[in-house]
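See structure below.
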Amino acid sequence: MLRILGSARKLCGGMTRRDLLRVGGLGLAGMSLAELAQWQAASASDAQPRSFGRAKSIILIHLYGSPSQIEWVDCKPDAPAEIRGELGSIPSSLPGLRVCELLPTFAKVMDRTTILRSLTHPYPLHGVAYALTGVPTLDLPAELNPRDPRNWPFFGSVVDYVEAQRDQAAGAPPRQVPANMALPFPFSSRRVGEVPRAGPYATFLGAEYDPVWTDYKGTATKGLARTLGDKRFDDNDPYIGLSEDSYFQVPSATDLPRDVTLDRLHRRKSLVGQLDAARRDLATTPRGKQMDRYRQMTYELIESDALRNALDLRKEDRRVRELYGHTLFGQSCLAARRLVEAGSRVVSVFWDEYGLAGSGWDTHYNHYARMKQELCPGLDQGWYGLITDLDQRGLLDDTLVVCTSEHGRTPKITPGQGGGRDHWSRVYSTLLAGGGTKRGHIVGASDKQGGDVADRPISPKDLLATMYHLLGIDHHMIVHDRLNRPLPLVEGDVIHEALV
271 MLRILGSARK LCGGMTRRDL LRVGGLGLAG MSLAELAQWQ AASASDAQPR SFGRAKSIIL
331 IHLYGSPSQI EWVDCKPDAP AEIRGELGSI PSSLPGLRVC ELLPTFAKVM DRTTILRSLT
391 HPYPLHGVAY ALTGVPTLDL PAELNPRDPR NWPFFGSVVD YVEAQRDQAA GAPPRQVPAN
451 MALPFPFSSR RVGEVPRAGP YATFLGAEYD PVWTDYKGTA TKGLARTLGD KRFDDNDPYI
511 GLSEDSYFQV PSATDLPRDV TLDRLHRRKS LVGQLDAARR DLATTPRGKQ MDRYRQMTYE
571 LIESDALRNA LDLRKEDRRV RELYGHTLFG QSCLAARRLV EAGSRVVSVF WDEYGLAGSG
631 WDTHYNHYAR MKQELCPGLD QGWYGLITDL DQRGLLDDTL VVCTSEHGRT PKITPGQGGG
691 RDHWSRVYST LLAGGGTKRG HIVGASDKQG GDVADRPISP KDLLATMYHL LGIDHHMIVH
751 DRLNRPLPLV EGDVIHEALV
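Right under this line is the structure:
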């Protein structure tokens, strides 16, 4: 349930925005849907910075495991060798900004990017939930349990929930594509013998607001043997190379069984509707509402040519596919662009672990070999392709692109097993582009060794507040958890110096 508090602007019926407004299945504190629509119109016209609501959609990229800030966009060429490491830096299209030498194509679009160099927090864990939700603290049990009752709703799930209420109030037709999509496969589902991690889930908003996950279809074409303790992984890795015929789908939703035509599906849907009329009381319960939304979404997904077409990358021009690179990350970024064009509000792309735990960007071991062979080539091409393609299509100004992670990595290389950099949350970097953010701008700074914030500390909660702000959602919104306790959507401040 959402409780929205704001300014004291009067509505025609005498209600103010400071009055209680509850978003639930049976109405909003007694308000009709017409009254809610009126409230929303007044809310949107309240005095807000010019940047409020500038983005129509967001592509949220999360590099799971976390890249080194020093070997990404906060290079330290004058630091001692044990800090700067063996990789050099190169100039970028943004004057004064040097990036890792393994990112020459990426470097060409830095003049269209804002770099946040001073993110910081006290939890050097794989806290995707801390990075992407409003939850104020983090511990290992919560990190390893997606349904831990202490976890808070994922950013995309909150946006989905708010959009669903707005659509209902406005009497909008069903969406052709879900508002909250995620690529390339369900989070932390491709690790061998590991438990799933928390983060991209709706938690107390209800599982019906979890992201709609895709899965990829294609063949991994490259790989490197990996070992971790007594475990070994020899399969090819799609993040290193993916066949040119790859595409995405929503499992068991975008393809009908061979014996089920659309006419037959519609008859089944009509029958289900008739049966539902005999048990309307079910829809008044939380579980009933969840089941109803699941069922309705399933029909809409099956019938949606828009979703099927957006995910079928085989329909894309070959030259565009090559622009993004034939890796799972690159093609996920391409699919994200297509989903945004089709109408999705939040599209999340997770560069996730594949095979063994400690894969992805979690470079505790063999750091430089992995940077050169597994990680930087895909990021280099994928980020360049996405920003270039969005800009050329006139979509970048309306689409916010965020590239972030859980934390950074240690300034000093740790010895053993090929060398590595461990978890480090005292300072790290994030990229923003489009959607109301400045082009070619740097906010914040780390110290000379890239180990601490030297200027303008930024919390992950500030980043979330900024994302909500750009999508036109008041980040001061109050949410109620399962125990009906009022909780702030996120306790952070908008990073105004990053915005136009």
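Converting from the sequence shown to my numbering requires adding 270 to each position, the first position being numbered 1.
Here a beta-carbon is modelled for each residue, glycine too, at the ideal position from N, C-alpha and C.
No experiment lies behind these values; they were computed from the predicted model shown.
Secondary structure at residue i, three-state DSSP: helix, strand or coil?
i, result
"L759", "coil"
"V465", "coil"
"N579", "helix"
"F503", "strand"
"A325", "coil"
"C673", "strand"
"S602", "helix"
"L298", "Low per-residue confidence applies at L298: pLDDT is 37, beneath 50, and the placement is therefore not dependable, though the value from the model is reported in the following sentence. Here L298 sits in strand by DSSP."
"M747", "coil"
"F474", "helix"
"R368", "strand"
"K487", "strand"
"L734", "helix"
"A452", "strand"
"F376", "helix"
"H332", "strand"
"R679", "strand"
"A715", "strand"
From what residue to what residue does the beta strand (DSSP E) around residue i run?
i, result
"I728", "From DSSP, I728 is part of no beta strand (DSSP E); its letter is neither H nor E."
"P361", "S359 to P361"
"Q519", "Y517 to Q519"
"Y698", "Y698 to A703"
"I353", "No beta strand (DSSP E) holds I353; the alpha helix (DSSP H) holding it covers A351 to R354."
"L512", "No beta strand (DSSP E) holds L512; DSSP gives it neither H nor E."
"F620", "V616 to W621"
Taking buried to mean at least 16 other C-beta atoms within 10 Å of its own C-beta, is residue i buried or exposed?
i, result
"D344", "buried"
"L753", "exposed"
"K346", "buried"
"T407", "exposed"
"L626", "buried"
"I765", "buried"
"A468", "buried"
"P444", "exposed"
"S359", "buried"
"L410", "exposed"
"A442", "exposed"
"S699", "buried"
"G652", "buried"
Quick one, are the C-beta atoms of residue i and residue j less than 9 Å apart?
i, j, result
"F455", "P466", "no"
"V405", "W422", "yes"
"D622", "Q519", "no"
"L330", "T674", "yes"
"G648", "Y509", "yes"
"P394", "H677", "yes"
"I657", "V379", "yes"
"L372", "K642", "yes"
"S695", "P470", "no"
"R591", "L604", "yes"
Can you tell me where the alpha helix (DSSP H) holding residue i begins and where it ends?
i, result
"V428", "F425 to A440"
"C646", "C646 to Q662"
"V398", "V398 to L402"
"V590", "R588 to Y594"
"I385", "Counting along the chain, I385 falls outside any alpha helix (DSSP H), though it belongs to the beta strand (DSSP E) covering T384 to L389."
"H637", "H637 to R640"
"L805", "Residue 805 lies beyond the range of the chain shown here (271 to 770); nothing can be said about it."
For residue i, I'd like the list of residues in its chain whose CB is within less than 6 Å of its CB, leaving aside the five on either flank, ordered along the chain.
i, result
"Y479", "S427, D430, Y431 and A472"
"T383", "L701 and A703"
"E761", "K731"
"T489", "S513"
"Q310", "A caution first: Q310 carries a pLDDT of 48, below 50, which makes its placement in the model too unreliable to give a value."
"Q662", "none"
"H693", "P394 and H677"
"P727", "S388 and T390"
"A349", "Q719"
"V369", "V343, S362 and A377"
Take residue i and list the residues in its own chain whose beta-carbon comes closer than 7 Å to its own, dropping the five residues that flank it on each side.
i, result
"T491", "N506, G511, L512 and S513"
"S614", "S327, V447, P448, A449 and M451"
"E413", "L395, H396, G397, A399, R467 and A468"
"E433", "A449 and R615"
"D381", "S363, L364, R709 and G710"
"L645", "W631"
Looking only at its own chain, which residues have a Cβ that is under 8 Å from the Cβ of residue i, when we skip the five neighbours before and after it?
i, result
"A768", "T384, L386, L702, T707, K708, H711, V713 and T736"
"I683", "E352, G355, H637, G689, G690 and R691"
"V462", "K501, F503, G625, L626 and A627"
"D725", "S388, G714 and A715"
"R537", "Since pLDDT at R537 reaches only 47, below the 50 mark, its modelled position is unreliable, and no value is offered."
Is it the case that the CB of residue i approaches a heavy atom of the ligand PLP more closely than 8 Å?
i, result
"K492", "With respect to the ligand PLP, the structure offers nothing, as it holds no ligand at all."
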